[in-house]
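Visitor:
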Amino acid sequence: MAELEQCGLVLRIRNIDQDDYEGTALMYRLINKFGMYFTPALITENVKIDRVLHKDPIITNHFGHWDTECLSFSLEPAPSDHFATY
Numbered sequence: 020m021a022e023l024e025q026c027g028l029v030l031r032i033r034n035i036d037q038d039d040y041e042g043t044a045l046m047y048r049l050i051n052k053f054g055m056y057f058t059p060a061l062i063t064e065n066v067k068i069d070r071v072l073h074k075d076p077i078i079t080n081h082f083g084h085w086d087t088e089c090l091s092f093s094l095e096p097a098p099s100d101h102f103a104t105y
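Residue numbers for the sequence shown follow my numbering, beginning at 20 and rising by one.
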């Protein structure tokens, strides 16, 4: 995750109320904004589930962006060529 954060591929959110499906809605909005293969990972610090606030981070979409698989093997992504990177 540190490598993804260094590359600007992570968004951090402090609180999500999953009882109201805020996390689900946020991911759909991010996919609509960035596209299926360019959506960053999301780290949610605190998540409310079943009316209980969990203060443990939840990581979602950590392999959603084209470059993340390449970075997970400590390889440099090919600039402007996402197919080569993949």
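Even glycine gets a Cβ: it sits at the ideal position worked out from N, Cα and C.
Report the rounded CA-to-CA distance for Met55 versus Gly83, giving the unit in angstroms.
Guide: Each residue's alpha carbon lies about 7 Å from the other.
Visitor: Indicate the three-state DSSP secondary structure (helix, strand or coil) for Thr63 in the structure shown.
Guide: Correct three-state label for Thr63: strand.
Visitor: Answer with buried or exposed for Thr43, where buried requires no fewer than 16 other C-beta atoms within 10 angstroms of its C-beta.
Guide: It is exposed - the Cβ of Thr43 has fewer than 16 other Cβ atoms within 10 Å.
Visitor: Closest to Pro59 by CA distance: which of Ser99, Leu23, Pro98 is it?
Guide: Ranking the options by Cα distance to Pro59, first place goes to Leu23.
Visitor: Is Thr63 near Ile77, with beta carbons less than 9 Å apart?
Guide: Yes. Within cutoff.
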